[in-house]
Structure formats: C-alpha cells, structure tokens
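Student:
In the UniProt record's numbering, the protein residues as written are 1 to 458.
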C-alpha cells in the first residue's frame, strides 16, 4: 500500500469516527498532485504556450515528466539512445510536434545562420534547440525536414555578427542592442552543452560554462548574492532582483551541470561542475533569505509588497522550488529542502474548508485549491509578457508546476534526502489552526501523525 493511500484511508476513517472534515485532516499530509491534475496543468500549458521561450519551457517540462530517459536529469548516459523505446514514442511524439511546428514555419528559402523562430530575442528561440537536436538524433529528418541544418543554423546565428556581444564574449539576449538578461542562462547554455555532447565538440561544452560565468559576472550582485534582471542595454534595463530571473539562472545552470555530468566530459570538466553547483547554491542561499511565512516569493525578491510592480508570484516560487529538488537529487545540496517543501505544500494545498476535488470531479480536480483556478491555472502569477505586472495566466508558470512536480517525484524516489519525512511544520500549523478549539479534531491530527510515522518506520 502506498503512503498516500494509507494516509487517505486513515484520514477518512478518523473523520467518520470523530465527525471532522476529511479535508481538514488531510491537510496535515504534504499535498501532491494527481495524474489528472498534472494533465490539467499540462493541457493549459499546451493551450497557452505560443512564444519561443514558452515552447522551449513546455518542451523541457514534457521531457522531465513524460520522457525522463531523454531528460538530462535522468541517470542515462549522454548521448541518449537514437532508437526511441516503444513506451516513450507517444510522449515524444507530443514533444517532437513542437519541433515540427517550428520548422514548418521557417521559410523554405532560408539558409545559413538564422534563429529557429523570428524573435526580438537572440536567446529565446535557442530554448527549442535541444528539441530540434533530439528530433535529428532520433531519425526524424527526411527529404522535407532537415533538423540537423536547423539546429546548426541556430548555433551559427548566436555566434554571428547579427548578435551583439560584450568585449569578453557574453552573447546579448537581444538582437537590437547589447543587453544581458538573467533568462539567457536557461535559453542558450543548455543548448550549447547538449549540442557539444551530441557532436563530441568539447569547445562548445566549454562555451556553455563560459557564457554562464560571464553572465554571472555581470548580473550577480556581490552584496546580496541575487541576480539582477536586465543590464547593459541602452533602453529597457531592469536592475531589480526579479524572482523568475533568479529561477531561470539556477535552472539553466542545473541543466548544464547535468548534461556534463552524464557525458564523456564528466571527469575533464570537474572544476566547471564545481563552479556550477556552487553558483546554484549561492542563488538558493540569496533568495530564500527573503521568503516570508507565506512560502511564496514576491515578484521582486527584496522589495516590499506595497511597492508598484510587486506582488506574490506563484510562478517563480514553483520554479525555484523545482531547482531545489533538482539540486538535492543531483548535487547533494539539501540545505533548502525545507523551504522547497513548504512552498510546494503551499502551492498544492486546499483551503481548509474546501470541497476535495478528485479525479472524477465533474467540475474540476482543482476545486477548492488555494493557488489554482478550477480550470487548472496557477495563481497568482506575474504576466510573463510584462514582468512588472500581475497576470492571470502564464504558460511558463504552468511549465514550472510540471517541473516542480517532476523534480519532487525524483527527489522522493531518491529517498527524500534532506527531509525528516512526515509532516512539515507548515502543514501541521495549518491543520492545527483549522481545528480551532475542537479537541476531537486535534486528536485526529495526533493519531494521523503517529499513524504516518509508524508507516514510515516499517
């Protein structure tokens, strides 16, 4: 019997005996999304992902959740198998449909250095580079579609004179001006690293590390340890510590580290891997100093919530928590697991007096959830197209939820390192508060706690 089923049955039994709400008693157990709920989040992601980086984030989320063998976070050696296993053909069909659509919109007369998609950003189209590389690697090229050429053209574009760069060689995030964005670290270096591993190009793998090093040199504030969002441009700079930008940077570094770790370059790039791991940790150390008792990050990490452009943002919270789980599993960094657990439980929690949505709920599996609409949209979120404005729907936010769920599942399967197991302080506090003065409710919580502890000890 699974722990989740055990807790569910015990909760229902106690609620029947003591006359308490099973929802309230269940709140003490760390919330986890069901397959139906994850499918709902993924459906909203598919509907909303339209722009280059949104498609790239969706593609990565698909790999991490549905085709883990082809995710760099799996323990599979790189390059991966070129023959797709039968059980992965369906999820990878969805994944490769993204690459197929992108290439279908490239003019047939196009040749030479060019981005995969028309975009004011030099970096964002490259977030789809790995999708195109894998399409080529698994044999999807034909007389009408040349994925290898498309990936090569994207690579050449980033190193061409069409894209500005700093004197030291940091590639601009934008095409129209020299400007560095923290988002870049997620979009370009993972593409460089993966391209290098697939083609045996050590120099390109090194470039992935170098571009991160240069971006960190420019964007990291040495006083706070936080990354600024946008610098060096002639217009449109943002020197604030944007929470999502810090998440993009940490997530990109983790992907590059994992790519190197599972490749032939694992031993020869030891210093680079140490740096990447250290830089991920310093972001976690910097951001979690500023999270409050809600366990939700503000849009700008160090600004008061009453300042214009600031508000609670579940999107960046999900991304940063996902990076903590990945860092725990792959870098053996466990110091911030408590924070990630509190954020995850908050994001995936029910209102104490809510109706429990379930897989057969005629209305929504998210009925009564604090941070999801009944349709499955994460909330509250920053507008991904206007980073100082609160939005209502975010494609990248949906992708971050999937990444959080996938990262948590792998962390749990690896033995929940860094966690004592059982209830978190957050879940226990919320449940006890919900009990009010009801002695019977408190008894139910205590019995459930002992029951779960006994289960975990067996």
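Positions of the beta carbon are idealized from the N, C-alpha and C atoms, including for glycine.
Can you give me the C-alpha to C-alpha distance between residue 234 and residue 279, rounded to a whole angstrom?
Tutor: Straight-line Cα distance between these residues: approximately 28 Å.
Student: What are the boundary residues of the alpha helix (DSSP H) that includes residue 282?
Tutor: Element bounds for residue 282: 270 to 287.
Student: Assign residue 277 to buried or exposed, taking buried as 16 or more other Cβ atoms, counted over all protein chains shown, within 10 Å of its Cβ.
Tutor: Per the 10 Å Cβ criterion, buried.
Student: Any idea what DSSP makes of residue 168, helix, strand or coil?
Tutor: Three-state DSSP puts residue 168 in coil, outside helix and strand.
Student: Rounding to the nearest angstrom, what Cα-Cα distance links residue 422 and residue 416 in this structure?
Tutor: For residue 422, the predicted model reports a pLDDT of 49, less than 50, meaning its position is unreliable and no value from the coordinates is stated.
Student: Could you please give the first and the last residue of the uninterrupted alpha helix (DSSP H) stretch that includes residue 542?
Tutor: With the chain running from 1 to 458 in the structure shown, residue 542 is simply not present.
Student: Rounded to the nearest angstrom, how far is the Cβ of residue 174 from that of residue 252, given a contact under 8 Å?
Tutor: At roughly 17 Å, the Cβ-Cβ gap does not stay under 8 Å, so residue 174 and residue 252 are not in contact.
Student: Excluding sequence positions up to five away, which residues of its chain have a Cβ less than 8 Å from the Cβ of residue 46?
Tutor: 58.
Student: Below 8 Å on the Cβ atoms is my guess for residue 330 versus residue 73; work out the distance and round it to an integer in Å.
Tutor: 6 Å between Cβ atoms; contact.
Student: What does the Cβ neighbour count give for residue 357, buried or exposed, with the cut at 16 atoms within 10 Å?
Tutor: Only weak support exists for where residue 357 lies, its pLDDT of 48 falling under 50; the value from the coordinates is given anyway. Classification for residue 357: buried.
Student: Is it the case that the region 141 to 150 contacts the region 70 to 88, given that we only count it when at least three CB pairs across the two stretches are under 8 Å?
Tutor: These segments do not touch.
Student: Going by DSSP, which residues form a beta bridge with residue 337?
Tutor: Partner(s): none; residue 337 has no beta bridge.
Student: Assuming the contact rule is C-beta atoms closer than 8 Å, residue 55 and residue 405 should be a hit. Round their C-beta distance to whole Å, please.
Tutor: About 20 Å separates the two Cβ atoms, so there is no contact after all.
Student: Under the three-state reduction of DSSP, which class applies to residue 461: helix, strand or coil?
Tutor: For residue 461 there is no data in the structure shown, the boundaries of the chain being 1 and 458.
Student: Using the three-state DSSP reduction, which class does residue 241 fall into: helix, strand or coil?
Tutor: Reduced to three states, the DSSP call for residue 241 is coil.
Student: Quick one: which unbroken alpha helix (DSSP H) runs of 4-plus residues sit fully inside the region 145 to 232? Chain order, please.
Tutor: Complete alpha helix (DSSP H) runs here, min 4: 147 to 158, 184 to 187, 189 to 199 and 202 to 219.
Student: Rounded to whole angstroms, what's the CA-CA distance from residue 393 to residue 44? Just pull it up for me.
Tutor: One C-alpha to the other measures close to 9 Å.
Student: So within the region 56 to 127, which uninterrupted alpha helix (DSSP H) runs reach at least 4 residues, ignoring any that extend past its ends?
Tutor: Those alpha helix (DSSP H) runs which fall completely within the region 56 to 127 and span 4+ residues are 89 to 104.
Student: Got a sec? Which residues, its chain only, sit under 8 Å from residue 225 by beta carbon, not counting five neighbours each side?
Tutor: Cβ neighbours of residue 225 beyond the five flanking positions: 282, 283, 285 and 286.
Student: Nearest-angstrom Cα distance between residue 131 and residue 100?
Tutor: Going from the Cα of residue 131 to the Cα of residue 100 covers about 10 Å.
Student: Can you tell me which residues form a DSSP beta bridge with residue 38?
Tutor: DSSP, once it has assigned bridges, lists no residue as partnering residue 38.
Student: Excluding the 5 residues flanking residue 182 on each side, which residues of the same chain have their C-beta closer than 8 Å to its C-beta?
Tutor: Closer than 8 Å at the Cβ level, and outside the excluded window around residue 182, lie 215, 219, 227, 228, 229, 230, 242, 245, 246, 248 and 249.
Student: Could you tell me the distance, in whole angstroms, from the CA atom of residue 153 to the CA atom of residue 303?
Tutor: Each residue's Cα considered, the two are about 41 Å apart.
Student: Have a look at residue 312 and residue 237 and give me their C-alpha separation to the nearest angstrom.
Tutor: Going from the Cα of residue 312 to the Cα of residue 237 covers about 22 Å.
Student: For residue 301 and residue 140, what's the separation of their Cα atoms in angstroms?
Tutor: About 43 Å.
Student: Which of the three DSSP states, helix, strand or coil, is assigned to residue 397?
Tutor: Helix.
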